[in-house]
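For reference, the structure is listed below as structure tokens.
There are 2 protein chains.
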Amino acid sequence: MYSDEPTRVRQLVSEFLSGQSGALVGTDGLDVQLSAGADARDDCAVYDIGSPMSLVVGSDYIRGPKFILHEMGLLSDFDIGYYLAAANISDVAAMGATPIGLLSVIRYPHELDDAGFRQVMAGIHQACTDFGTLNVGGDIGNAERLILAGTALGVCPPGKVLRRHGARPGDLLCITGPCGLLGAAVAYFPKRESFAGRLPEAAEQRLLDSWKRPRARVAEGQLLSRKPYATACQDTSDGLKATVEQLMQAGGVGFRVVEQDVPIDPAVRAVAELMNVEPLALAMSASSDFQLAFTVAPDDLAACRESFTASGLDFHVIGEATEKEEAEAVHNGTSRPLPGVAWKHQKSDISLLAASSPDA
Amino acid sequence: MYSDEPTRVRQLVSEFLSGQSGALVGTDGLDVQLSAGADARDDCAVYDIGSPMSLVVGSDYIRGPKFILHEMGLLSDFDIGYYLAAANISDVAAMGATPIGLLSVIRYPHELDDAGFRQVMAGIHQACTDFGTLNVGGDIGNAERLILAGTALGVCPPGKVLRRHGARPGDLLCITGPCGLLGAAVAYFPKRESFAGRLPEAAEQRLLDSWKRPRARVAEGQLLSRKPYATACQDTSDGLKATVEQLMQAGGVGFRVVEQDVPIDPAVRAVAELMNVEPLALAMSASSDFQLAFTVAPDDLAACRESFTASGLDFHVIGEATEKEEAEAVHNGTSRPLPGVAWKHQKSDISLLAASSPDA
Chain A
1296 MYSDEPTRVR QLVSEFLSGQ SGALVGTDGL DVQLSAGADA RDDCAVYDIG
1346 SPMSLVVGSD YIRGPKFILH EMGLLSDFDI GYYLAAANIS DVAAMGATPI
1396 GLLSVIRYPH ELDDAGFRQV MAGIHQACTD FGTLNVGGDI GNAERLILAG
1446 TALGVCPPGK VLRRHGARPG DLLCITGPCG LLGAAVAYFP KRESFAGRLP
1496 EAAEQRLLDS WKRPRARVAE GQLLSRKPYA TACQDTSDGL KATVEQLMQA
1546 GGVGFRVVEQ DVPIDPAVRA VAELMNVEPL ALAMSASSDF QLAFTVAPDD
1596 LAACRESFTA SGLDFHVIGE ATEKEEAEAV HNGTSRPLPG VAWKHQKSDI
1646 SLLAASSPDA
Chain B
1296 MYSDEPTRVR QLVSEFLSGQ SGALVGTDGL DVQLSAGADA RDDCAVYDIG
1346 SPMSLVVGSD YIRGPKFILH EMGLLSDFDI GYYLAAANIS DVAAMGATPI
1396 GLLSVIRYPH ELDDAGFRQV MAGIHQACTD FGTLNVGGDI GNAERLILAG
1446 TALGVCPPGK VLRRHGARPG DLLCITGPCG LLGAAVAYFP KRESFAGRLP
1496 EAAEQRLLDS WKRPRARVAE GQLLSRKPYA TACQDTSDGL KATVEQLMQA
1546 GGVGFRVVEQ DVPIDPAVRA VAELMNVEPL ALAMSASSDF QLAFTVAPDD
1596 LAACRESFTA SGLDFHVIGE ATEKEEAEAV HNGTSRPLPG VAWKHQKSDI
1646 SLLAASSPDA
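Residue numbers (our numbering), protein chains in the order written: chain A, 1296 to 1655; chain B, 1296 to 1655.
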């Protein structure tokens, strides 16, 4: 039997990981409580370590079936190092924590020369610097191909960690910026030839930049956590549709997304039009970008907006949480299931979306 | 240019990681100090997090060019899950810390069915249980081949973390048990046919068991840390020769190893004899087992021994630290460089050792 990943996580993994949240994990006079373990299904595990802060820790591997844009030469070794760090730090940011370090696993093939290896390290270093943290170690060695994984650590005042659960009906659903750029890049570039120069160079550059310098939303997560303004939060690294569905399942609420309020990047719109798919569907589909999706009580919206503005940050209200545990998109009074293809492992879903287009 | 891994770590990595130990890494009123970063080259990074304990964290990838015994069907999916957890927890144990959790990265190929996947998870779970900790999350998904990495976290009373540096001339060099079994297994099994049944079945079983149920020396590490008895400590996952050399470089001392005092497992001796290599050389060569190598001041030896015995644990004194930064083996008054092949990436060194034998 070959289940897909969500099934494996739900059925096979939970057999081993259930019930661990709340456990005392230290011994020997050292009091440590695992307040959110693997069974909590948040972006990170959370420890209360008897100090005036909680510890948040998560691991991400960043290369699945293909890191296609790197193989095509569109992303450099520096870029993928940068992405590795950003992807891991994003998980800490999504919990509202302040990053305190990154561990990196870098396994390289014989073909990667010293210059390339140095570039991977330099990219990791630059991202850590940009997000205010340090690469504190990990594992370096060879393998048949490039393998990159990381672990990010962060700290947060106790009780302030942002979780995926917590949204209440009536809370406003928000995102820190447009989603889908990274997914659009993966949909577009492998088929670039067939579009014969019809995507403007500036749009191509914008797609690539989304991969080259992704931004982990550390400052946004901290703002949302400290008051706290957010009742629930998660990064959009599985795409917006999957993220909304996960917030729904975690919180036992539904979501109504107002279609015209979802920001769509012009480059995503241009790719969608070229591929003859609906722009909103492409914007919500599998895309490993690092916006934060979060919920805010209506009464806190103005203060939250003010805090963001004061820090030069922004977010968009795109809908609200509802009683009934289902996610819908509304437009001119009619509703439908959320458009787009949610991320699942084992399938190149974004290609399915593109393949369903008459153009592809 | 294609440098080997030690060169890359020394020259390319240090460019980015030097000088970080001692840095304050928290912000936002959260006081966190990185007391040992990547530049310290210990088994783990160490944080002081303003609580009555230090945090110890390290990552290990467990499959380099080949996990040959698994590919040969000699190790099960359960076994490699178990090994992954043991390898990571060993790094925490080597610092004297109490493990508080493991994050695992499990990427699997399409060929790994649900039963196999479940076995990997079960092996990780069993090892975490055996070493008194929990698998608190990580990353699961697919890839072209099985990829396993982990991150272990541990806590230790402040100031009690065991480091690789710290040995002083005159300190006794000790190990918790015989080394080299895992390396001997990797040297033997791929060439098994050529030995035509000359290795007893019990020896074969012992070699395999060393891979199937490796023991992270958590209790030993705790004992060595709490007094502290050990002035320096590290696990032997690179093999005993490499470990002694690393303790030497970290501490700026030399080591004199008394050849007849190095315990050699009968199965390692049997493989060495079959392959016509020196048993001590095989015992000290690259082998990813998890004994602890440590140094103890002569005045503390009796008390340390007593503590170990009271806990049903054991260790062997195999030499002493010297003034001059060089490692030598002595036998009947004559000395020579440490025998064996120290572990380096990019080469299958243990095969080089075996290949130099007329039998192979």
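Every residue gets a Cβ at the ideal spot worked out from N, C-alpha and C, and that includes glycine.
For N1437(B), the secondary structure class from DSSP, reduced to helix, strand or coil, is strand.
Of all residues in the stretch 1589–1611 of chain B, none places a beta-carbon less than 9 Å from a beta-carbon of chain A.
Neighbours of Y1342(B) in chain A, taken as residues at a C-beta separation under 7 Å, are given in chain order as I1395. Runs of the alpha helix (DSSP H) lying entirely within the stretch 1510–1588 of chain B, each at least 4 residues long, are 1513–1521, 1535–1546, 1561–1570 and 1574–1579 in chain order. When G1317(A), G1546(A), I1395(A) and L1596(A) are compared, the shortest CA-CA separation from L1518(A) is found for L1596(A). Using a CB distance cut-off of 7 Å, T1629(A) does not count as an interface residue toward chain B. Annotation: the continuous alpha helix (DSSP H) that includes H1365(A) extends over I1363 to E1366. Under the three-state reduction of DSSP output, R1402(A) falls in the strand class.
Shown in chain order are the members of the stretch 1343–1369 of chain A whose Cβ falls below 8 Å from a Cβ of chain B: I1344, G1345, S1346, P1347, M1348, L1350, V1352, G1353, S1354, D1355, Y1356, R1358, G1359 and P1360. Residue-level contact by beta carbon fails for V1415(B) and chain A, as no gap is shorter than 7 Å. Three or more pairs of CB atoms, one per stretch, sit closer than 8 Å, so the stretch 1455–1475 of chain A contacts the stretch 1549–1568 of chain A. At a Cβ-Cβ threshold of 7 Å, D1409(A) and M1296(B) count as neighbours. For the stretch 1427–1448 of chain A, the set of positions with a beta-carbon nearer than 9 Å to some beta-carbon of chain B reads G1427, T1428, L1429, N1430, V1431, G1432, G1433, D1434, I1435, G1436, N1437, A1438, E1439, R1440, I1442, A1444, G1445, T1446 and L1448 in chain order. From the beta-carbon of S1298(A), the residues of chain B found nearer than 7 Å are D1409. As the crow flies, the alpha-carbon of G1427(A) is around 12 Å from that of R1512(A). Counted as a single uninterrupted DSSP element, the alpha helix (DSSP H) harbouring G1411(A) occupies residues D1409 to D1425. Not flagged as an interface residue toward chain B: A1422(A), since no C-beta distance is shorter than 7 Å.
Looking at the DSSP output, S1313(B) shares a beta bridge with no other residue.
Nearest to G1396(B) by C-alpha distance, out of P1347(A), I1442(A) and C1339(A), is C1339(A). If you draw a straight line from the Cα of A1565(A) to the Cα of N1627(A), it is about 24 Å long. When the alpha-carbon of P1453(A) is set against those of D1584(A), V1625(A) and V1327(A), the nearest one is in V1327(A). Rounded to the nearest angstrom, the gap between the Cα atoms of L1398(A) and R1336(B) is 13 Å. Excluding the 5 residues flanking it on each side, T1393(B) has same chain C-beta neighbours closer than 6 Å at G1449 and V1450, in chain order. Beyond the five residues adjoining it in sequence on each side, I1375(A) comes within less than 6 Å, by CB distance, of H1365 in the same chain, given in chain order.
A distance below 7 Å between beta-carbons, with the five flanking residues on each side excluded, links I1435(A) to the following residues of its chain, in chain order: I1401. Below 8 Å, enough C-beta pairs join the stretch 1602–1615 of chain A and the stretch 1466–1481 of chain A to call them touching: three or more. Your pair G1353(B) and S1520(B) does not check out as a contact, with CB atoms roughly 15 Å apart and the cut at 8 Å. Per DSSP, the unbroken alpha helix (DSSP H) holding A1382(A) starts and ends at D1372 to A1388.
Contact between M1570(A) and P1634(A) does not hold, since their C-beta atoms are separated by about 14 Å, which reaches or exceeds 8 Å. Chain order gives the chain A residues near L1398(B) as A1340, V1352, G1353, S1354 and T1446, where near means a beta carbon separation below 8 Å.
Considering only beta carbons, no part of the stretch 1538–1569 of chain A lies closer than 9 Å to chain B.
Using a CB distance cut-off of 7 Å, R1458(A) does not count as an interface residue toward chain B.
Nearest CB-CB separation between A1578(A) and chain B: not below the 7 Å threshold. The beta carbon of V1320(A) falls within 7 Å of a beta carbon belonging to chain B, placing the residue at that interface.
For A1333(B), a Cβ of chain A is located within less than 7 Å of the residue's own Cβ.
Judged by beta-carbon spacing, S1630(B) lies beyond the 7 Å limit of V1456(B), meaning their Cβ atoms are not closer than that value.
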